[in-house]
Structures are given as structure tokens and as C-alpha cells.
Amino acid sequence: MARMKFLCDADRCIECNACVTACKNEHEVPWGINRRRVVTLNDGKPGERSISMACMHCTDAPCAAVCPVNCFYTTADAVVLHSKDLCIGCGYCFYACPFGAPQYPRVGNFGSRGKMDKCTYCAGGPEADLSTAEYEKYGSNRLAEGKLPLCAEMCSTKSLLAGDGDVIAQIYKERVVRRGYGSGAWGWKTAYRETVAI
Amino acid sequence: MLTKRKSGDAGRAKLQGLAAGLASGTLDRRSFLRRSGLAAGGLAALGSLQLGAVRKAEAAGSSVSGPSVQIKTNICTHCSVGCTVKAEVVNGVWVGQEPGWESPINRGSHCAKGAAIRELVHSERRLKYPLKLVNGVWTKIGWDVAINEIGDKMMELRQQSGADSVYWLGSAKFTNEASYLMRKFGAFWGTNSIDHQARICHSTTVAGVANTWGYGAQTNSYNDIRNAKTMLFIGSNAAEAHPVAMQHLLASKELNRGNMIVCDPRFTRTAAHATEYVRFRSGTDIPVIWGMLWHIFQNGWEDKDFIAQRVYGMDDVRKEVAKWTPDEVERVTGVPEAQMKRIAFQFSNEKPATLIWCMGATQHTVGTANVRAFCILCLATGNVGKPGTGANIFRGHTNVQGATDLGLDITTLPLYYGLVEGAWKHWARVWDVDYDWLQAQFDEVPAKAGRPARTKKQNMETPGITSTRWADATNLPEDQIDQKGRLRAMIVMGHGGNTVSRIPEMVKALEKLDLLVVADPHPTTFAAISGRKNGTYLLPICTSLEMDGSRTASNRSLQWGEQIVQPAFESKNDYEVMYMLAKKLGFADKMFKNIKVENNVPSAEDLLREINRGGWSTGYCGQSPERLKAHMKNQAKFDLVTLRAPKDDPEVGGDYYGLPWPCWGKPEIRHPGTPILYNTNLHVKDGGGCFRARFGIERNGQTLLAEDSFSLGSDLTDGYPEFTYGMLKKLGWEGDLTAEERATITRIGGANPDTVSWAIDLSGGIQRVCLEHGVMHYGNGKARANAWNLPDPVPVHREPIYTPRPDLVAKYPTRPDAREFRLPNIGFSVQKAAVDKGISKQFPIILSSGRLVEYEGGGEETRSNPWLAELQQDMFVEVNVTDAAERGIKDGSWVWVLGPENDAKTKVKALVTERVGRGVAWMPFHFSGWYQGVDQRGNYPPGTDPVVLGESVNTVTTYGFDPVTGMHETKVTLCQIRAA
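First to last, the sequence lines map onto chains A and B. For any residue, its number in the numbering used here is found by taking its place in the first sequence, counting from 1, and adding 7. For any residue, its number in the numbering used here is found by taking its place in the second sequence, counting from 1, and adding 60.
So, in C-alpha cells, the structure goes:
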């Protein structure tokens, strides 16, 4: 089984937001819910860099560790998913997540935020693959169709990579060696407790 | 940029009311799906579908698989990169998008707009049926009523004020076929006042580039930039305007360890990835280029052989460049000598080098001269006509290249034939219509204010009014407008109303018009901004995604898009609307003589075939619909870098992707297209070429023909003029013509067949024979460093009309007042008045405008798309940190941006940033719906208002027009900013 990961090559990300709208398009994500977003550092200054961020599908995910109802689970592909049937909208996962991934349909106190929503790595949820019930709650399940997340597939500069961790790390390594620079696999240390050695 | 830094909540709370129907309090996806997306898009199909079927499609979402899913291929309707859109369609409903991996252009990628394009078709905010303004109230009417009333009014105005009183504004979003059809419509109606977005986009590029070496287009391609070692950007922010192109540009930077030099007054997202960023003062492009050339000539870094063989007049450039010493360059532009020398070295020594420019260079009073300076830099360093080099002009809209080619332009008939008698006769032959009948459609113009009268024939050969000045042609006194009557009607198809400078003038003009017709998927600014009460019609037009037709990308490749779904709601496509109007006006039979029309819808294929039959001048003759469709089917076979398919492929063997024009001869001879213009290293049958000999044979004793330079395998091994039948005879090649070809040439030539040229030979025989002999029928000339027919034959620096440096105006004044395109251009007087009044003290900040990645053009379409609108919720101005501090302006607070004309003002949010230098402000140009601080949401027909509204930057932009093309000045004006 593959160990699915995301890798954003910050030296290529141009903050075009294709990943953001591709996600909206694929899953019909409503206004106000951002499963993916692009963050820009040093905006407008030399050294400006942008990074596309979503749930990183951590190894030993902190969201799962704090969830009081144990709604998170990790698939065989190492994708971190959750059950909206179990979720109570407490918001603990939002505080635990180092990447700001969990989203809620409502602003409110604990328990009144509605079911948490986040990036599914285009892998749906606990319902049967490609079922209507799964689509209604989590959006489409591209992984079950043998496809990768649409955000990475549509990335304008091939900055955002998705796929088996070893494969995308290899692609990134080759890039860095060839071009002679690379600011590293952002977020990997936090999410996967490893980095891409060049 | 502003809102993205915030949490999603603030924006959500504010926009919750506006976005009702998208998100009402709780966000339950199921109800969301039911209310937007699929349900809306499915309306067209509802008639034939059971509701259950729709719901099934909806439930299955975009990840459906199985036999019921159809994949349709079309082209993204936003920028000119030409990304393939793969649509998944179930039961006539567009349910999802997949990456178009096979396209060599985008390889599956999209930007925010392309990845959200499905929403354009589904949008609930589109015009759903024809509307008419009755005493200030939008009233639903039927199509027949609308066409009848519009036609009657047009005929009435024609009787009173002439055919020229109706202005035709077309679209860079049209297909090639619709562009061509609209230009033909203008000809049949009897006016040359027919224009589109190219006027305000790259008109100066087309004029400048064509006057240098022959054709007004990008010389190479996005893909070819992968070969470049040095890329110089000036006035281009590809990361936001052409994001998918960045894939190829970054490949050059990474794979070749290339230099990426970005010259821009603003530290753009593109600059963030550059190896060298050069900040210079807005409007000083020519001094920057001359500053580079000063070092190049000083150090002997120019390509002397290339200049000797293929360039005319470089010595005249040397004289002008000698004035631009490093000190003077720094005084005017602000760029220090060391940096200038470094980039000059890279561009001339680390080759191949390419120059990339966009609107930052073209939208100036010196736009054409800027472009000419860029071309001259390429010529001086031998950086043109080879892989990795060239003038890589990134055009703005999906088909702005094609719409320009096909003549949505006040100065020419389709394919750059111009307006001369020979051009009209050529097209009359292609259209199979009587030349005298066409001539009779035009107005006679009376003598006015000392200007002579014009006959119908003279008027037919006189360029129309530019789209940048239509408001002046309504507002100015009659005697200043050089046509029968002032402008009284606007027919706008697919063109935003906030895209031209000086909106306060436009608002006055709109209120004076007798008739305003907006044919568009959205109401646009035209519908909402003025106080009109009557005489206004909105016609719902579908997007190009809902129709068949070809599009020409910036690299001149043609791509065929197939209809993804039926037009939504009651909308119709451009072809049908033009047919209905032609029928009403009584010339449909003549206009569609050789075009199949079914149920009022003309065939896109037949339109393209007619273009092929007449498109010899620009090589639009070889791209038959069959060949283009084969290319779309075989996308995967084309090489990523060369764009060529393997020679042995049965369907597309040896072709370049999209048969980039010029694609010579009839489709049957299978010319492969031309991926790189003027490339002498290839045989003409393989897409090679040379500079076009379109400016004569010699001038002042110097030859204008190439010397010792010719395309690979040419039978003629030196320069030669363009071909006519007479020249074929002189060379003894006329025997190669078939009897049929000779008969056609004789028929066209009448008494004098020897004068029939390669461009009007409808048989294609002259082109075919030339290709067989390895020669280029358009001649083998020199490119012109001195273009003597332009106002400034060698570009000279001229300060902007509203300059922050009045001290430089005496030395570098703008051009004298003159009459251009039927109207006065009083730029000189305006500049002088601004200097005399000390405008730069009251308005000390340079104001420039540009693009955001999420929106496009006037933005009505993209601001109506919630997936995009969510990312940019407020109009803003970028203000430098120091300027903001001096004015007590906080990041995110409201400010007034004040302009120097018409007491214009705009209320926008401040984005305090170092992205712009001190004394510079920048605003995006995609917003409208607010006017001088007032929210005009209520002016839109109910339910069609875009999600996000905001002030248009063009409310505060000012006077200034390029003398060659009438391009407006939107990149340098002055403003004052105050906290609101």
C-alpha cells in the first residue's frame, strides 16, 4: 500500500489558487469552507513565497489524538478521514491541528459549530466507496477511481504534488538537484516526522 | 490579496446576505447542491429529463464513471494560454472537470479560473432571458420582440445619422468564427467602427511588431520558452495573468538554470520568482531598453552578422541610444548603472534570450513605441527567429489573438488585408457578394469644420472610431466628429463596460445614447452604471463552452472547442444572434450565402471553411475544421517543447500542435503550421520562414531585402520581394501551376493577372508553388529598426500625460495634438495644462492598474463565480508603507483614491505593502458595481448582480491615447489617496 502525502514546492507555487477552486469544483464545497488555501509569506517583499495548505494527513495525527468521540481513522493508504456521523462539532481538532485544516459550517461555541469538514485527500469517508451517501457528506472519492486529488492534478506549475510519499519525495529531490535550490518539503517534519533529504 | 490574509469568518459574515442561495446559515452540502451547481446547470436539460435522473447525476457527483459519462473537450475561456478543459457530462449536465493531461500546452493544469470554469455555465447569476429597460424597470421580453425592436431602432438611426452612428463592440471571448462573422456583419451593415478588447490590450503590440518584421503576434510559443537561457519580462506579471504559462517559464529557469529578469514598477508575484528584479518608474520603458542597448553597443555585444543580414536602419537606433547614458537612464528611470549593465550582458550574451511583455508595456501613450523598442532589442542581439528567443507577447483573453486576426478591428477587414479597395474586392470575392453593393451600404460624409467630404468609397476605406474613444464620439460637438453623425447606438457583444479609462465620460455618453444593446452571459457594467431609463436591451448569450468553434491561443495555435452542454436558460450563441439580426436587417441571405444555417444557427465548421477560403495573407487557409478536430483527438502525440507530432502519424503526422498560423496553402497540402516565426533554420514546408518583405524593396539607397540570409533549402539564396503571378512567370515557375489554379488567378486578375499576389490568389497556387521551391511567398525582407511610417520612426522617450516628473516634460514632451481615428487627440494640451496647474503636487502618487489571478477582464463573469469571488471580496489599492504612514492610512481601512479629471473618486480598501515603491499605488481593474462611493447593486436586473462588487479603477484613470492605435493610458496616471 502507498503512503499518501502532499508536498508543496514553495519555489514553484505562484499563489494562483487553482488548487483552491479545483477543490471547490470537485466537491461542491460551499462558501466559507476552505479545505485548501494558499498562504503567502513575506507578501510583497523579496523572499516572498507561497504554500498551498490543506490537511497533510499526518502520521499519528494530532486531531485524532484529541477527538473526544474518536471520529478519525487512517486508511490503508495513510489518509486521515473522519466520520461526520460521529463528529459533535466540538472544535478540539481545530486547536490540535498544526495546519489549520478543520473547517466548520458555523461560527460558535463548542458543540454548536456543526460537523467538521476537511480535506479528504479526495478519498471520501467511511461510507461505501462511490456511494451517494459518501458523496453527500464528503464529496467525491477520486482515490477509489484510481485518481489523485484534483488540487494537485490541476496545479498550474506542478508545485503541489500528491501521491505516494516516496515517489513525490523522489520527484522533489530530482528537481532540487537539477535546479540547485529548494526550500524543503514544507510541513513534512510536523506532519510526517521526516523530511526530504537532498 | 487583501482578504486572503484574514480568517474566512469575517468575509463570510459580511457576504452572507449577498451569497444567499450559496450559503444560508448552516452549510448543508445536500441543500447546497440542490440549490446551486447542478440544479441550475441542468435547467436546459430539464425539459427532456425526469427529475430523478438529474438527482441521480447530482448524487453521483463528479466522480461518476460508467457508460453514461461523456467527456467533452473545450478550451478555457479566460487568458490566452489555451488550456484544455475536459468536461464530464451526464445526461446533458456538466457534472465535473478532469485534467486535460494530453494537452501539450497545459498538461492537465489550470489556474483558479480554469479550475472553476464549470461554474460559468451553471451560474445562477447569468442573464436568463432577454430584458428591456422600461422607464427604469427591467422587463422580460421574448427574443423575437427584442430582435425586432432593436432592428427597427437601428434602421431608424441609420436613416437619421448614418450607418456609422451605430458602434459595434465585439469580443476577445468569441470563437474565431464568431469574430469573423461579426466583422463581416460590420461590413454588411456599412461601418468600420467595429472593435474589440485588442484595442485596449495589445493593439500597440500588433502595430509595433507588424511594422517591425511583418506579423503582429507572439513569435514563439509558451512551450518554446523552455529553450530560453534568459527571460526578460517587462510589463508582464505572468504568475497572475498567465499562471499556466509559468509552468514553462519556471522550466526554463530550472532546467537551463536560466536568468529570469523581471522589470516592473511593482514587485509582482512573478518578480518573487525572478533571479533579478528591476524596479523602474512607470512609463519609462523606452529609456530602460535604450539603457540596456547603450551597454550592448558600448561593449560590442550586439549580433553584427544578424544585423547586417536581416535588419534595416539599426544605425538610426544607435544615434538615439547614444543619448541614453547611464546617468540619464538613472535620472529618468531610477535604475542604477550596474544593474542595467548586468541585465544587458545577460540578454545579449547568455542566449537564447526572450523578451516577454504584456499590458504593462502596451497600455501607454507610447505603447507602440515601447513595443518597437523591445523588438529592436531582440533584433540587435539576434534574439529572434530561433528556438528560445523571440518576442513572446502574452495576450490577455482566450481568443484575443484570433479576434484580432479575424478583423474585429477598425482598421482592417479579416486577416490584416486593411481597408483598401483591393482588400474589399478580395473579401467580396470570398463572400460571393457584389463589391458595389457593399460600397453602397456605407455613409457619405459631409464636409465639416474645414475637413473635406468623403464619398461612400472613401468612407469605406477610412478606419472607424476606436473603442477607447466611443464616449468622445458621443459627447463631443458634432463638427469635431469626422463622420456623418455622432455615435448614437452601442451594440456590445461580450465586452465589459469598466475596461476603458475615464468612466465619468462614459457614463455621460451612455446617458446620451438612443440605443444600448448588451449581448452577454452577464449584464456587465454597461447595464448598471448609468441612469438610463429606456432604450436598453440585455440579450442572454451563452459562453463559448456552450458552442462549437475554434480559438487561437497566444502562440497562434488554433484549438477546436466542442459544445459541452446546450446553452443554459434561454441564452443563444453568438452565431445565432448575429444571424437573427442579419435576417431582421435584410441581408442574411447575402451574408450566409455559403454557410449552412440550421434552426437559425449557422454552422461553425462552414464559417471556418469560409475563413480558410479567404485567409491567405496570414495563413489561416490550412486549418480546416477536420484538421483541427484531429489535433484535439491526438493531443498526446505532440511534443512538449517543439509542439510537433511524429512524422509517421497517420492523422497529424509532422504537424505542429494547433497548426499555428501561418499554416499555408489549402488544407490538402498539409502545411504543418509555423511554431516559430521568421525561423530560417527550417524549410518553409517545415514551418520555416524569414522576415516579411512588406515595406518595399529599397529605401534611401539601402536595400530592404535580406542579404545572404534565406530559409533552409530555398531555391532563392538571397532576399526577394513578395510573390505575384508576374514574378512566378519571371522565374519560369508558372508552369508548376495547375490549369485550374491558373484559371482562378486569371479570373481574379482580369486584364492584369500579373499583379495577382500570393495574398489574394484564391486558388492557393502561388503559395503552393513557392513552398515547393522552398521560398516564402511573402518575400524575404529585412526587419525594420527604423519604421519610417510611424509617428516616431525610432522610438523616443515621451513623458506620460500626467507625469510625476514635470521637470522632464520640456525635454521629453508627449506628441503634439492631432486628429486620429475621426477624433481630436489633445494629449499635448492636457499634458501642458497638467504641468502648468501643478497637478503632480495635488496628486503626487503614480497610479497603475493590473490583474489578479482570480478575476479576468471587467470581471463580471468571474466576480459572479462564488468559487472565485470568495477569494477576492474587496476592491483595494496597494499603497506603499511610507505613503500610508504619512496619510494615517491603516492596512485594511477604507480610503478615497482621487483622480485629477472630472473630480473622480473611488472608495476602496487599503492594502499597505512594500510591493509598490514609495509614491506608487496600484489597483486591480476587474471591479465594478460601485461608482464614486455608491453601491449600485440595485441597478442590476434582479438575480444577476455579481457576488462581489467594487469600484472600477477606470473611474480615476485619465486622458491619453497612443497615436498609432488609440490605446488608452491606464498604466501611468496620478492620484491622491486619503483615509475615508
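Ideal Cβ positions, reconstructed from N, Cα and C, are used throughout, including at glycine.
Can you name the start and end residues of the beta strand (DSSP E) that residue i belongs to?
i: M553(B); result: 549-553
i: Y80(A); result: 79-81
i: S239(B); result: Taken as a continuous stretch (DSSP letters only), S239(B) belongs to no beta strand (DSSP E), being part of the alpha helix (DSSP H) at 236-249.
i: R44(A); result: 43-48
i: H308(B); result: No beta strand (DSSP E) holds H308(B); the alpha helix (DSSP H) holding it covers 305-315.
i: V980(B); result: 980-984
i: A588(B); result: That residue, A588(B), is in no beta strand (DSSP E); its alpha helix (DSSP H) goes 584-588.
i: F21(B); result: For chain B, the structure presents residues 61 to 1040; residue 21(B) sits outside this window and is missing.
i: T272(B); result: Here T272(B) belongs to no beta strand (DSSP E); instead the alpha helix (DSSP H) covers 263-273.
i: F13(A); result: 11-15
Going by C-alpha distance, which of the options is nearest residue i?
i: R562(B); options: A1039(B), R997(B), Y991(B); result: Y991(B)
i: M291(B); options: Q540(B), P813(B), E800(B), N443(B); result: N443(B)
i: V955(B); options: L536(B), T734(B), V972(B), T265(B); result: V972(B)
i: Y838(B); options: G809(B), I808(B), S771(B); result: S771(B)
i: R1113(B); options: R687(B), I321(B), V657(B), L575(B); result: Outside the modelled stretch of chain B, which goes from 61 to 1040, sits residue 1113(B), for which no answer is possible.
i: L180(B); options: T1004(B), V1013(B), P1023(B), A1039(B); result: T1004(B)
i: V578(B); options: G609(B), R243(B), K656(B), Y1000(B); result: Y1000(B)
i: I906(B); options: L791(B), G977(B), F881(B); result: G977(B)
i: K244(B); options: R1038(B), L641(B), G773(B); result: L641(B)
i: W154(B); options: Q369(B), P627(B), E636(B); result: P627(B)
i: V1032(B); options: A147(B), D284(B), G222(B), R326(B); result: R326(B)
i: D608(B); options: D539(B), L688(B), N195(B), C435(B); result: L688(B)
Taking residue i as part of the alpha helix (DSSP H), name the residues at either end of that continuous run.
i: I826(B); result: 825-832
i: A179(A); result: Residue 179(A) is actually Tyr in this sequence, not Ala. Residues 172-186.
i: C100(A); result: 99-103
i: V577(B); result: Unbroken run through V577(B) is the beta strand (DSSP E), 575-580; no alpha helix (DSSP H).
i: K693(B); result: 685-693
i: I207(B); result: 203-221
Please determine if the segment 227-238 of chain B and the segment 534-554 of chain B are in contact, where contact requires at least 3 C-beta pairs separated by less than 8 Å. yes
Count the C-beta pairs between the segment 982-992 of chain B and the segment 1003-1014 of chain B that are closer than 8 Å, then say yes if the count reaches three, no if not. Of all C-beta pairs linking the segment 982-992 of chain B to the segment 1003-1014 of chain B, three or more are shorter than 8 Å, placing the two stretches in contact.
The segment 671-688 of chain B touching the segment 465-474 of chain B, judged by at least three CB pairs closer than 8 Å: yes
My parser needs the alpha helix (DSSP H) runs of 4 or more residues fully inside the segment 403-430 of chain B; what are they? 419-422
For a minimum of 3 consecutive residues, which ranges assigned as the beta strand (DSSP E) are wholly contained in the segment 156-191 of chain B? none
Please identify, using Cβ separations under 8 Å, the residues of the segment 287-305 of chain B that lie next to chain A, in order along the chain. A299, E300, P303, V304
Whole beta strand (DSSP E) elements within the segment 882-968 of chain B, 3-residue minimum: With a minimum length of 3 residues, the continuous beta strand (DSSP E) runs that stay inside the segment 882-968 of chain B are 883-885, 905-910, 936-939, 954-958.
Closer than 8 Å, Cβ to Cβ, to anything on chain A: give me those residues from the segment 917-928 of chain B, in chain order. P926, W927, L928
Specify whether the segment 199-215 of chain B and the segment 188-195 of chain A touch according to this definition: at least 3 beta carbon pairs, one from each stretch, less than 8 Å apart. no
Should the segment 1018-1027 of chain B be regarded as contacting the segment 857-864 of chain B, the criterion being three or more beta carbon pairs within less than 8 Å? yes
Could you pull out every unbroken alpha helix (DSSP H) segment of at least 4 residues lying fully inside the segment 473-507 of chain B, listed in chain order? 481-491, 495-500
Cβ pair count under 8 Å reaching 3, the segment 457-472 of chain B against the segment 260-269 of chain B: yes
Does the segment 697-713 of chain B come close enough to the segment 643-650 of chain B that 3 or more CB-CB pairs lie under 8 Å? no
Would you list, in chain order, the members of the segment 160-182 of chain B that have their beta-carbon closer than 9 Å to a beta-carbon of chain A? W161, N166, R167, G168, S169, H170, C171, A172, K173, G174, A175, A176, I177, R178, E179
At least three beta-carbon pairs within less than 8 Å, the segment 407-414 of chain B to the segment 289-308 of chain B: yes
Do the segment 720-734 of chain B and the segment 681-689 of chain B touch if we need at least three Cβ pairs shorter than 8 Å? Flag = yes, the segment 720-734 of chain B and the segment 681-689 of chain B touch.
Using 8 Å as the threshold, is the segment 490-505 of chain B in touch with the segment 277-291 of chain B, meaning 3 or more CB pairs across them? Contact fails: fewer than three Cβ-Cβ distances are below 8 Å.
Closer than 8 Å between beta carbons: that is the criterion. Which residues of the segment 426-458 of chain B meet it against chain A? Residues passing the 8 Å Cβ filter: none.
Within 7 Å of chain B by C-beta, residues of the segment 11-34 of chain A in sequence order: R19, I21, E22, C23, N24, A25, V27, T28, A29, K31, N32, E33
At a cut of 8 Å, does the segment 440-460 of chain B reach the segment 350-361 of chain B through at least three beta carbon pairs? yes
Any residues in the segment 566-598 of chain B with a beta carbon nearer than 8 Å to a beta carbon of chain A? Which ones, in chain order? none
Run through the segment 624-670 of chain B for me and flag every whole alpha helix (DSSP H) of 4 or more residues, listed as ranges in chain order. 634-645, 648-651
According to a CB-to-CB cut-off of less than 8 Å, which residues of the segment 173-191 of chain A neighbour chain B? R182, R185, R186, G187
Of all the alpha helix (DSSP H) runs that stay within the bounds of the segment 60-94 of chain A, which reach a length of 4 or more residues? 69-73
Where the segment 34-50 of chain A meets chain B: residues whose CB sits under 9 Å from a CB there: H34, E35, V36, P37, W38, G39, I40, N41, R44, V45, V46, T47, N49, D50
Count the C-beta pairs between the segment 942-952 of chain B and the segment 912-932 of chain B that are closer than 8 Å, then say yes if the count reaches three, no if not. The segment 942-952 of chain B, when compared against the segment 912-932 of chain B, does not touch it at the 8 Å Cβ threshold.
In chain order, which alpha helix (DSSP H) runs of at least 4 residues are fully inside the segment 772-823 of chain B? 785-790, 799-809
Short-range partners of chain B found in the segment 156-172 of chain A, where Cβ spacing is below 8 Å: If you check each beta-carbon in the segment 156-172 of chain A against every beta-carbon of chain B, the ones closer than 8 Å belong to L157, E160, M161, C162, S163, T164, K165.
Taking beta-carbon pairs under 8 Å, can you tell me which members of the segment 139-157 of chain B lie near chain A? G156, Q157
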